[in-house]
């Protein structure tokens, strides 16, 4: 069940533990659960912080979950609607993958990368991909610049083939499907490109990721 009592909380970072922070706002200290990745993004204690929040209510328990951006909050809300993944599982996934990297993993159907999250097995990762792939395709086109060509121009099918074969080659070289999808999404394929040229460009850009 979703509650929108709080959009975000802005205040002083008072306490930090492994998966919980305390933010004071107007004399009230809010316990907010966070992902492991978010720990590195926090300011020093005593400084101001802005946390986007999700209030989760289960029976008589009220829990606040916090995120560094609205984008990550929206991804969390998608995750907890997947069968078998609750708030704890959602945080676990976002502890090992950023919102954008998770999008790439879902689009690439890379269950292996997703299952690196604590408590997320292969079956759950595959179910996550099945339930979210259509939603992520649409959101990725808007939020991360993925190109989804509903009516490809001439050469579009050839470009898709080249991209697919280059992705398969990168995976064969030891890169994950997520890494391959991510680097190839940033390469523009022209009419004069072939698999070899795209693969060379991808390998050159891999160092940037």
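In full-length UniProt numbering, the protein residues as written are 1 to 209. We put the beta carbon where it would ideally sit given N, CA and C, even for glycine.
Own chain partners of residue i with C-beta closer than 7 angstroms, once the 5 adjacent residues on each side are dropped
i, result
"residue 115", "121, 122 and 125"
"residue 90", "76, 79 and 80"
"residue 158", "none"
"residue 136", "103, 106 and 107"
C-alpha gap between residue i and residue j, whole angstroms
i, j, result
"residue 182", "residue 62", "37 angstroms"
"residue 17", "residue 31", "11 angstroms"
"residue 112", "residue 133", "15 angstroms"
"residue 201", "residue 10", "43 angstroms"
"residue 68", "residue 117", "19 angstroms"
"residue 20", "residue 51", "12 angstroms"
"residue 98", "residue 74", "12 angstroms"
"residue 96", "residue 59", "29 angstroms"
"residue 176", "residue 184", "12 angstroms"
"residue 26", "residue 47", "15 angstroms"
"residue 92", "residue 29", "24 angstroms"
"residue 24", "residue 199", "51 angstroms"
"residue 49", "residue 39", "12 angstroms"
"residue 12", "residue 191", "54 angstroms"
Spatially closest choice to residue i from the options, by CA coordinates
i, options, result
"residue 7", "178, 71 and 117", "71"
"residue 85", "184, 66, 119 and 65", "119"
"residue 37", "66, 53 and 57", "66"
"residue 172", "190, 160 and 203", "203"
"residue 129", "83, 87, 193 and 160", "83"
"residue 34", "47, 54, 192 and 135", "54"
"residue 64", "199, 49 and 22", "22"
Contacts around residue i, its chain only, beta-carbon distance under 8 angstroms, and the 5 residues preceding and following it disregarded
i, result
"residue 195", "162, 165, 166 and 169"
Per DSSP, cross-strand counterpart(s) of residue i
i, result
"residue 103", "Answer is none; residue 103 lacks a bridge partner."
"residue 67", "52"
- Query: Three or more C-beta pairs closer than 8 angstroms, one from the stretch 96-115 and one from the stretch 39-53: is that the case here?
  - Reply: Flag = no, the stretch 96-115 and the stretch 39-53 do not touch.
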